[in-house]
Amino acid sequence: MNLMTKKLLEERLERTKQRYARQQERMENLLCSMHNNAENIRQIEYVLAMMERVRKQRRRHRIVSRTEVKEFFMYASRVYDRIQHRMHIQHLNYTYFCYVICSRYLFESCLHIPNRRFVSPATVISYFKKERGR
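Residues are numbered in our numbering as their position in the sequence shown, beginning at 1, plus a constant of 447.
Written out as C-alpha cells, the structure is:
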C-alpha cells in the first residue's frame with residue numbers, strides 16, 4: 448500500500464492550486480470573449496434593423512458627390528457618437544456602422560465607368576477612420 452507522505456501531499460496541493468489558477472484564467476478569458484460576442488450580437492442586430500428600415504423606406508438613395516465626402520463623414524461621425532450614446536456602450540464597432548452607410552448611400556466613384564457608382568465598404572471604412580482620427 449502506498450502511503451502519502453507529507454512531501455507528496457504538498458506537491459499534489461501545489462499542482463492542484465496551479466491547475467485551479469489556469470482554470471480561473473481560462474474562465475476569465477471565456478467570460479470576456481462571451482461579453483464581446485454578446486456586444487457584437489447586439490450591434491449586428493441593431494445594424495440589421497437599421498438596414499431593414501432603410502430598405503422599407505424605398506426612397507431614392509442620396510448621391511454624395513466627391514466634394515461633399517468630407518462633410519458627409521463629419522456628419523456620420525457625429526451620428527456614430529450619438530448612436531454610441533443611445534446604446535450605452537463605450538465602443539461601437541465602426542465596421543458595422545460603415546455597412547449601414549454603404550447600404551443607405553451611393554457614392555460617386557472616382558472611376559467613371561458606366562454602372563460603377565458604388566464605393567466598396569472598405570473605402571467607406573477608410574474614410575470613416577480618417578475622419579475619426581484613428
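Where is the CB? At the ideal position from N, CA and C, for every residue including glycine. Computed from a prediction, not measured in an experiment: that's the story for all the values here.
In whole angstroms, what is the alpha-carbon distance linking residue i and residue j?
{"i": "I530", "j": "M481", "result": "23 Å"}
{"i": "E515", "j": "E499", "result": "26 Å"}
{"i": "E472", "j": "T570", "result": "39 Å"}
{"i": "C479", "j": "E486", "result": "11 Å"}
{"i": "L477", "j": "A496", "result": "28 Å"}
{"i": "M451", "j": "Y467", "result": "22 Å"}
{"i": "M474", "j": "E457", "result": "25 Å"}
Are the CB atoms of residue i and residue j nearer to each other than 9 Å?
{"i": "Y541", "j": "F519", "result": "no"}
{"i": "V501", "j": "Y546", "result": "no"}
{"i": "R579", "j": "Y527", "result": "yes"}
{"i": "Q490", "j": "I548", "result": "no"}
My output table needs one value for residue i: the three-state DSSP class, helix, strand or coil.
{"i": "P568", "result": "helix"}
Does the beta-carbon of residue i have 16 or more other beta-carbons within 10 angstroms, so that it is buried, or is it exposed?
{"i": "M448", "result": "For M448, the pLDDT reaches just 43, beneath the cut-off of 50, and the residue's location in the model is therefore unreliable, leaving the point undetermined."}
{"i": "Y522", "result": "exposed"}
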